[in-house]
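Take a look at the structure below.
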Amino acid sequence: MNAFEVKNISFLYKDKKVINNFSLTQKIGDVVLWSGPSGGGKTSLAKIICSHLKINSGEIKFFDKESLSPALSKLYVCHENDLFEWQTFSQHIKFLLNNVKIASPLTAVEIQKYSELLEISHLMNMYPSQISMGETRRFQILRSLILKSDFIVFDETFAALDSELKKRLMPKLLEIWKKHKTTVVIISHEADKNFNVTFDQALDFSSLLLNDK
Amino acid sequence: MWFEHILASNTRVLIGWGLSLLIGLILALLRYYLPKIVQRNYLFNLLVDLIKFPPPIAWIPFVILLFGISFWSAVLIVIVGGMPPFFTAMYDILIHTEERYRNLAATLQLKKIKSVFFVSLPSQWSRIYTGARVSLGMCWMSIVACEMISSQSGLGYLIQIHRIDLSYELVLTDILIIAVCGYVMNQLLLIVEKKHLSWRQA
Numbered sequence: 004m005n006a007f008e009v010k011n012i013s014f015l016y017k018d019k020k021v022i023n024n025f026s027l028t029q030k031i032g033d034v035v036l037w038s039g040p041s042g043g044g045k046t047s048l049a050k051i052i053c054s055h056l057k058i059n060s061g062e063i064k065f066f067d068k069e070s071l072s073p074a075l076s077k078l079y080v081c082h083e084n085d086l087f088e089w090q091t092f093s094q095h096i097k098f099l100l101n102n103v104k105i106a107s108p109l110t111a112v113e114i115q116k117y118s119e120l121l122e123i124s125h126l127m128n129m130y131p132s133q134i135s136m137g138e139t140r141r142f143q144i145l146r147s148l149i150l151k152s153d154f155i156v157f158d159e160t161f162a163a164l165d166s167e168l169k170k171r172l173m174p175k176l177l178e179i180w181k182k183h184k185t186t187v188v189i190i191s192h193e194a195d196k197n198f199n200v201t202f203d204q205a206l207d208f209s210s211l212l213l214n215d216k
Numbered sequence: 068m069w070f071e072h073i074l075a076s077n078t079r080v081l082i083g084w085g086l087s088l089l090i091g092l093i094l095a096l097l098r099y100y101l102p103k104i105v106q107r108n109y110l111f112n113l114l115v116d117l118i119k120f121p122p123p124i125a126w127i128p129f130v131i132l133l134f135g136i137s138f139w140s141a142v143l144i145v146i147v148g149g150m151p152p153f154f155t156a157m158y159d160i161l162i163h164t165e166e167r168y169r170n171l172a173a174t175l176q177l178k179k180i181k182s183v184f185f186v187s188l189p190s191q192w193s194r195i196y197t198g199a200r201v202s203l204g205m206c207w208m209s210i211v212a213c214e215m216i217s218s219q220s221g222l223g224y225l226i227q228i229h230r231i232d233l234s235y236e237l238v239l240t241d242i243l244i245i246a247v248c249g250y251v252m253n254q255l256l257l258i259v260e261k262k263h264l265s266w267r268q269a
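First to last, the protein sequences are chains A and B. Our numbering puts the first residue of the first sequence at 4, with every later residue one more than the last. Our numbering puts the first residue of the second sequence at 68, with every later residue one more than the last.
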């Protein structure tokens, strides 16, 4: 079964073709790397699959079903800081657990374990404005684990982590994703390929030609 | 001699300002909840925008006609002046929630009312406070104008009395008192804002 299947999709942004007649599938549980130069349509494609953008033509299936509206099962981790600047992270977690319908939410102990794994357990009472970019990204990763989405796109999330930390974290994260059969896409710019793990598939978007410029 | 007039003006402003914020928020929410087709309707938006421009003082004849010279007619004039700027700021915040927060709220499947009160509004606290301060300034402008025309008390009324007496030094004192009252309220609001939004960097 496929996690997503896009068939002959086209997407225009202000009359400019960003994606033209493009097809792609990804199997459930696969962890895939998308690399390629910026401006190539990777982010647009990710947002289309997560239903944040509407396509102009084509077909999208998500877990073999038509799915056009956003859902908790498809999480797009954006390349901006989308943590709530008015909440500390422990307040944010409480907000998520109280207001989001997660099938079997993590226990406090599990959350603590993940935050230690991501080396941010000492920052739980900080506001987003008080922490660094790399720490912000790790909080976004922790949030993705808490939300337990079936499909997650990390848009440049790992680019801001220093390379030693990234090498340490990736094998552990991969293990968690594989255990929960999470389907993952990691978007990364060209220079940043050293993840210290083997991906199920690595797509280079510079040769895929999302659009025929 | 000044005390009762200072008290009268400040009471009107505080009550009128509080109601301005409340009504401004409610009207902004109502407008936001209208079907998209109405929100984008040119005629509807023209009506909403036109009604904001006549200054509060222009409505005084009607307010006197309907409610006479009373405490609540003065408060009504304050609301006519203080509500539109806050309403405009609130509606603007609601329709221009940042994309990153809008996408996240949609993914989290928050209900519209929750995403308004837990995401859209808190993400723009600074603008809410700015809107409230602009509204406060308008409230003071409205109450003084109103008291000069249709009131038996308050600092605006005092200016009229002193003008008739040709005591211009007292008129100047009245103006100074109004300035100090407005300034103190504004500073108090700034202190509250700074305490509340402690996460903001200087």
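All residues carry an ideal CB built from backbone N, CA and C; glycine is no exception.
Item	Value
Beta-carbon proximity of L222 (chain B) to S76 (chain B), cut-off 7 Å	yes
Within the region 165-205 of chain A, ranges of the beta strand (DSSP E) (whole runs, at least 3 residues)	186-191
Contact list for the region 134-168 of chain B against chain A, Cβ threshold 9 Å	E165, E166, R167, Y168
Proximity below 7 Å, CB of Q191 (chain B) to CB of L75 (chain A)	no
Contacts that F98 (chain A) makes with chain B (C-beta to C-beta distance below 9 Å)	F185
Endpoints, beta strand (DSSP E) assigned at V156 (chain A)	154-158
Pair within 7 Å by beta-carbon distance, V35 (chain A) and Q204 (chain A)	yes
Any C-beta of chain A under 7 Å from that of W266 (chain B)	yes
N170 (chain B) classed as buried or exposed, judged by whether at least 16 other C-beta atoms fall within 10 angstroms	buried
Beta-carbon proximity check, V80 (chain A) vs F25 (chain A), cutoff 7 Å	no
Residue closest to D207 (chain A), alpha-carbon to alpha-carbon, out of A:A6, A:L27, A:K17, A:K10	A:L27
Check whether M3 (chain A) and A163 (chain A) have beta carbons under 7 Å apart	Outside the displayed span of chain A (4 to 216) sits residue 3 (chain A), for which this structure offers no information.
Beta-carbon contacts of I128 (chain B) that lie in its chain and below 6 Å, excluding the five residues immediately before and after	Reading off the sequence, residue 128 (chain B) comes out as Pro, not Ile. No residues qualify anywhere along the chain.
Cβ of N170 (chain B) within 7 Å of any chain A Cβ	yes
Below-7 Å beta-carbon distance, W89 (chain A) vs any chain B residue	yes
Extent of the continuous beta strand (DSSP E) run through V80 (chain A)	77-80
8 Å contact criterion, which I136 (chain B) and S218 (chain B) should meet: CB distance rounded	7 Å
Per-residue burial, V259 (chain B) [other beta carbons within 10 Å of its own, 16 or more giving buried]	exposed
Whether F79 (chain B) touches V147 (chain B) by CB criterion (7 Å)	Here residue 79 (chain B) turns out to be Arg, not Phe, going by the sequence shown. It is not a contact, given that the beta carbons lie outside the stated cut-off.
Host beta strand (DSSP E) of S38 (chain A) (start-end)	34-38
Below-7 Å beta-carbon distance, L175 (chain B) vs any chain A residue	yes
Start and end residues, beta strand (DSSP E) containing E165 (chain B)	Taken as a continuous stretch (DSSP letters only), E165 (chain B) belongs to no beta strand (DSSP E), as it is neither H nor E.
Neighbouring residues, chain B, relative to K170 (chain A) (Cβ below 9 Å)	Here the premise fails: no neighbours, minimum Cβ distance about 28 Å.
Residue range of the unbroken alpha helix (DSSP H) whose run includes E214 (chain B)	192-217
Endpoints, the alpha helix (DSSP H) within which F98 (chain A) is located	92-102
Any C-beta of chain A under 7 Å from that of P189 (chain B)	yes
For I63 (chain A), the three-state DSSP class (helix, strand or coil)	strand
For D153 (chain A), the nearest candidate out of A:Q29, A:K10, A:N84, A:K77 (CA to CA)	A:K77
DSSP-derived helix/strand/coil call for F14 (chain A)	strand
Sub-7 Å separation of N5 (chain A) and K30 (chain A) beta-carbons	yes
Where T28 (chain A) falls: helix, strand or coil (DSSP)	strand
CB contact below 7 Å: D85 (chain A) versus chain B	yes
S220 (chain B) to W126 (chain B) span [Cα, whole Å]	19 Å
Contact set between the region 115-140 of chain A and chain B, restricted to residues whose Cβ is under 8 Å from the partner	Y130, P131, S132, Q133
G61 (chain A) beta carbon less than 7 Å from that of S132 (chain A)	no
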